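Some notes on the structure that comes next.
Chains as they are written, first to last, in this note's numbering: chain A, 1 to 310; chain B, 311 to 669.
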């Protein structure tokens with residue numbers, strides 16, 4: 001029973017970075033800009049978050065804000081490259097990852113932020129609610145970002161599917177030429193999508209340091225950005241499916257150390273492989289279904305040149 | 311050379327003396343001019359920082375300047391220019407820092423016959439190339455004793471990266487040390503599958519705390535398990551460097567003391583009686599390389615005296631994995647009167663009684 005509670009109570013903390021990251025990627029890619037730089041935005045957000053907490057001596061929510069902004073600043077470089085200069089989006093995305101790896105290592109090293117422990121964001125306590133057996137620790141003893149992430153999903157889902165702005169964003173990713181003819185400024189729409197997406201990716205990175213690890217070390221995103229990219233493909237650019245995928249990953253990530261700690265005899269490499277096996281399985285399953293391609297942004301990865309004939 | 315062999319023998323090491331083929335001793339042209347290349351950030355708080363600290367100590371002890379370059383990734387296209395630039399500038403001893411440098415160093419050592427290459431955690435050796443590593447089971451055995459002494463419940467946890475020889479011997483020695491102080495002690499191991507992932511390390515440490523452990527050991531690269539120990543009000547033991555720098559919970563750390571090995575090596579190279587070893591140097595506490603930083607407040611003076619006495623015994627030749635030693639399935643691994651050979655150490659894939667793990 002304790003095992004179950006501990007496991008369930010730890011899932012949200014693991015799911016949030018994947019969920020926020022996947023959401024950021026979906027916003028960006030729905031506008032037709034392929035974003036392979038997720039790992040880079042996570043890194044810069046993680047470092048900026050840790051650096052802010054260390055520099056200002058606390059204020060974790062402020063640090064998360066700075067993490068988001070730092071990531072957006074990096075995304076501006078990416079946006080100029082791919083939207084205005086029409087550089088290949090795959091190459092630019094990968095470049096962002098390498099750039100962020102070097103940059104974070106350099107800045108954190110110079111500032112002496114590496115390996116410095118700090119007090120991050122504490123879990124909320126809802127008094128009696130948090131003390132209800134089973135439900136309390138799982139639902140009412142999480143950090144504020146967990147609840148904000150759920151709210152963000154509702155908000156983004158509403159904007160994407162129920163507002164004019166969302167329609168425009170999706171139109172730009174489906175058919176930029178037609179959108180342009182309809183009077184949408186394709187470049188600006190894409191720029192906005194890249195920047196807003198990066199805000200969420202940076203938030204995911206900031207969450208890793210400010211809320212979860214409470215320490216910065218080099219390269220600590222540890223491939224979570226790539227997992228977020230896989231999640232988006234597996235969710236076929238659908239928000240709620242991406243959230244489900246993130247929770248699934250959270251379940252497995254929270255389970256792995258707990259299974260080991262109680263000494264259940266399972267081969268370790270098999271357990272570590274599990275999240276990826278599940279991803280592959282679900283991807284195969286989703287690709288076998290018929291309705292799936294409809295939601296993919298058709299202009300993904302294609303630069304837009306105004307009034308160019310195709 | 312005879313002298314050297316005798317020292318090895320006295321230290322009680324099974325450093326395949328029989329397989330030792332004597333080739334020509336290495337002659338260095340001019341005074342030793344070492345240079346160091348580090349694969350990551352040099353102030354990483356762990357492995358690389360320990361190397362950089364050794365570099366600074368060598369500088370003071372030998373009165374020479376040792377230039378250093380950091381963040382040289384473990385691939386040939388990055389390593390070669392860095393090393394060749396140093397050699398162009400007159401460096402004749404190249405100090406490496408990573409397993410991933412092994413093959414490139416082999417290539418470079420064949421190209422630059424007048425330059426000595428020394429690489430920690432490497433796997434390649436040659437006439438002018440030698441890898442070295444520490445017998446961390448000695449230091450982690452002593453840290454296990456400190457952990458056993460600090461623990462009230464006798465339940466210890468351990469966060470490690472991946473289960474292979476040099477991690478497994480650490481875990482086993484840790485459990486054996488703990489059982490010196492508390493015969494019923496257990497060590498529960500969680501493998502994170504990563505050397506440098508504080509998120510996974512925190513998850514592992516927290517999962518262990520949920521199971522009621524009250525001391526947490528580690529063989530990963532960040533101090534995260536120690537920080538979790540402090541937050542939860544329990545104790546810990548560190549690896550690479552003295553982690554009490556990061557957390558007051560740390561009672562003992564297995565630390566690298568490479569300068570104790572490198573200073574005499576460089577002096578030998580200078581004197582012209584240095585020779586590489588076919589399987590590299592595998593350094594005990596007595597030879598420098600590894601040692602402990604011990605102990606914190608939770609280890610009583612009596613217990614500390616016991617640990618220090620054991621350290622002395624180990625330095626005088628006591629082998630941690632001396633027979634009779636059975637694994638936890640009851641299979642005899644080291645017969646009475648024998649000690650575990652180096653080959654078996656590197657290939658260790660079994661655990662002793664008291665280790666609780668997935669494998």
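Ideal Cβ placement from N, Cα and C applies to all residues, glycine included.
Source: prediction; values computed, not measured.
Practice item. Please state whether DSSP places residue 289 of chain A in a helix, a strand or coil. Key: Position 289 of the first chain, counted from the start, is the residue given in the question as residue 289 of chain A. Three-state DSSP puts residue 289 of chain A in coil, outside helix and strand.
Review point. Residue range of the beta strand (DSSP E) that residue 346 of chain B falls in?
Key: For the purposes of this step, residue 346 of chain B is taken as residue 36 along the second chain, with counting starting at 1. That run of the beta strand (DSSP E) goes 344 to 347.
Exercise for review: Can you pull the chain A residues whose beta carbon is under 7 Å from the beta carbon of residue 547 of chain B, in chain order?
Suggested key: Numbered from its first residue, the second chain carries residue 547 of chain B at position 237. Here the premise fails: no neighbours, minimum Cβ distance about 17 Å.
Exercise for review: Taking the CB atoms as reference points, tell me whether residue 210 of chain A and residue 109 of chain A lie closer together than 8 Å.
Suggested key: For the purposes of this step, residue 210 of chain A is taken as residue 210 along the first chain, with counting starting at 1. For the purposes of this step, residue 109 of chain A is taken as residue 109 along the first chain, with counting starting at 1. For residue 210 of chain A and residue 109 of chain A, no; Cβs fall outside 8 Å.
Practice item. Count the other C-beta atoms from every protein chain shown that fall within 10 angstroms of the C-beta of residue 402 of chain B, then say buried if there are 16 or more, exposed otherwise. Key: Walking along the second chain from the start, residue 402 of chain B turns up at place 92. Residue 402 of chain B comes out buried.
Review point. Quick one: which chain B residues come within Cβ less than 9 Å of residue 220 of chain A?
Key: For the purposes of this step, residue 220 of chain A is taken as the residue at position 220 of the first chain. Chain B residues near residue 220 of chain A: 506, 507, 508, 509 and 532.
Practice item. Give the interface partners of residue 514 of chain B over in chain A, defined as CB-CB distance under 8 Å, in chain order. Key: Taking the second chain and counting its residues from 1, one reaches residue 514 of chain B at position 204. Correct list: 257, 260 and 261.
Point to revise | Assigned exposure category for residue 535 of chain B - 16 Cβ within 10 Å defines buried | key: Numbered from its first residue, the second chain carries residue 535 of chain B at position 225. With 16 or more Cβ atoms within 10 Å of its Cβ, residue 535 of chain B is classed as buried.
Exercise for review: Could you pull out every unbroken alpha helix (DSSP H) segment of at least 4 residues lying fully inside the region 556 to 610 of chain B, listed in chain order?
Suggested key: 568 to 581
Check your understanding: So which residues on chain B does residue 208 of chain A lean against when the C-beta distance must stay under 7 Å?
Key -> The residue given as residue 208 of chain A occupies position 208 in the first chain. 509, listed in chain order.
Point to revise | Contacts of residue 215 of chain A in chain B (Cβ-Cβ under 8 Å) | key: As a first step, residue 215 of chain A is located in the first chain; it is residue number 215 there, counting from the start. Within chain B, the residues near residue 215 of chain A are 508, 532, 533, 534 and 537.
Point to revise | the region 333 to 353 of chain B in contact with the region 400 to 420 of chain B per 3-pair CB rule at 8 Å | key: yes
Review point. Which two residues bound the contiguous alpha helix (DSSP H) that contains residue 465 of chain B?
Key: For the purposes of this step, residue 465 of chain B is taken as the residue at position 155 of the second chain. Premise fails: residue 465 of chain B lies in the beta strand (DSSP E), 465 to 470, not in any alpha helix (DSSP H).
Exercise for review: Take the Cβ of residue 440 of chain B as the centre, count every other Cβ of all protein chains shown within 10 Å, and call the residue buried at 16 or more, exposed below.
Suggested key: Position 130 of the second chain, counted from the start, is the residue given in the question as residue 440 of chain B. So residue 440 of chain B counts as buried.
Practice item. Take every Cβ of the region 135 to 142 of chain A, pair it with every Cβ of the region 161 to 171 of chain A, and state whether three or more of those distances are shorter than 8 Å. Key: no
Review point. For a contact meaning CB atoms closer than 9 Å, what does residue 473 of chain B contact in chain A?
Key: Here residue 473 of chain B refers to the residue found at position 163 of the second chain. Within chain A, the residues near residue 473 of chain B are 268 and 269.
Practice item. Using a Cβ cut-off of 8 Å (strictly closer), state whether residue 117 of chain A contacts chain B. Key: The count along the first chain starts at 1 and reaches residue 117 of chain A at position 117. Yes, because at least one Cβ of chain B sits closer than 8 Å to the Cβ of residue 117 of chain A.
Check your understanding: Can you list, in chain order, the stretches of the alpha helix (DSSP H) that have 4 or more residues and sit fully within the region 498 to 547 of chain B?
Key -> 508 to 520 and 534 to 542
Review point. Using a beta-carbon distance below 8 Å, is residue 593 of chain B in contact with chain A?
Key: To locate residue 593 of chain B, count along the second chain from 1; it is residue 283. It does not; no Cβ of chain A falls within 8 Å.
Check your understanding: Mind checking whether residue 242 of chain A and residue 235 of chain A have CB atoms under 8 Å apart?
Key -> Here the question's residue 242 of chain A lines up with position 242 in the first chain. Here the question's residue 235 of chain A lines up with position 235 in the first chain. Contact flag set, yes.
Review point. Are residue 664 of chain B and residue 531 of chain B close, meaning C-beta to C-beta below 8 Å?
Key: As a working note, residue 664 of chain B is residue 354 in the second chain. As a working note, residue 531 of chain B is residue 221 in the second chain. Result no, Cβ atoms of residue 664 of chain B and residue 531 of chain B do not sit closer than 8 Å.
Check your understanding: Is the region 569 to 586 of chain B in contact with the region 354 to 368 of chain B, if contact means three or more CB pairs nearer than 8 Å?
Key -> yes
Review point. What three-state label does DSSP hand residue 404 of chain B in the structure shown?
Key: Within the second chain, residue 404 of chain B is the residue found at index 94, counting from 1. DSSP places residue 404 of chain B in strand when its eight states are reduced to three.
Check your understanding: What whole-angstrom Cβ distance do residue 87 of chain A and residue 39 of chain A have, given they're in contact under 8 Å?
Key -> Here residue 87 of chain A refers to the residue found at position 87 when the first chain is read from its first residue. Here residue 39 of chain A refers to the residue found at position 39 when the first chain is read from its first residue. Wrong, their Cβ atoms sit about 19 Å apart, outside the cutoff.
**Study point:** The beta strand (DSSP E) enclosing residue 141 of chain A, as first and last residue numbers
**Key:** Against the first chain, residue 141 of chain A aligns to sequence position 141. Unbroken run through residue 141 of chain A: none, as it is neither H nor E.
Point to revise | Proximity test, Cβ basis, 8 Å: residue 520 of chain B and chain A | key: If you number the second chain from 1, residue 520 of chain B lands on position 210. Yes, residue 520 of chain B counts as interfacial toward chain A.
Check your understanding: How big is the Cα-Cα spacing for residue 261 of chain A and residue 287 of chain A?
Key -> Within the first chain, residue 261 of chain A is the residue found at index 261, counting from 1. Within the first chain, residue 287 of chain A is the residue found at index 287, counting from 1. The straight-line gap from Cα to Cα measures roughly 36 Å.
Check your understanding: Is the region 618 to 633 of chain B touching the region 450 to 459 of chain B in the sense that three or more CB pairs, one from each, lie closer than 8 Å?
Key -> yes
Exercise for review: Have a look at the DSSP bridge pairing and note the partners of residue 632 of chain B.
Suggested key: By one-based count along the second chain, residue 632 of chain B stands at place 322. Answer is B:649.
Practice item. Would you list, in sequence order, the uninterrupted alpha helix (DSSP H) runs of no fewer than 4 residues that lie entirely inside the region 49 to 116 of chain A? Key: 60 to 79 and 89 to 111
Review point. Could you give the distance in angstroms between the alpha-carbon of residue 120 of chain A and the alpha-carbon of residue 214 of chain A?
Key: Taking the first residue of the first chain as position 1, residue 120 of chain A is located at position 120. Taking the first residue of the first chain as position 1, residue 214 of chain A is located at position 214. Rounded to whole angstroms, residue 120 of chain A to residue 214 of chain A spans 6 Å at the Cα level.
Check your understanding: Within the 8 Å Cβ cut-off, does residue 314 of chain A reach chain B?
Key -> Nothing can be reported for residue 314 of chain A, as the shown portion of chain A is limited to 1 through 310.
Check your understanding: Along the region 277 to 290 of chain A, what residues have a CB closer than 8 Å to any CB found in chain B?
Key -> none
Exercise for review: Report the option in A:67, A:13 and A:184 whose CA atom is closest to the CA atom of residue 51 of chain A.
Suggested key: Residue mapping note: residue 51 of chain A aligns to position 51 of the first chain, counting from 1. When each option's Cα is compared against that of residue 51 of chain A, the closest is A:67.
**Study point:** Beta-carbon contacts of residue 601 of chain B that lie in its chain and below 7 Å, excluding the five residues immediately before and after
**Key:** Looking up residue 601 of chain B in the second chain gives position 291. Only 449, 565, 567 and 595 meet the Cβ criterion.
Check your understanding: With respect to the beta strand (DSSP E) encompassing residue 444 of chain B, which residues constitute its N-terminal and C-terminal limits?
Key -> Position 134 of the second chain, counted from the start, is the residue given in the question as residue 444 of chain B. Its beta strand (DSSP E) spans residues 439 to 444.
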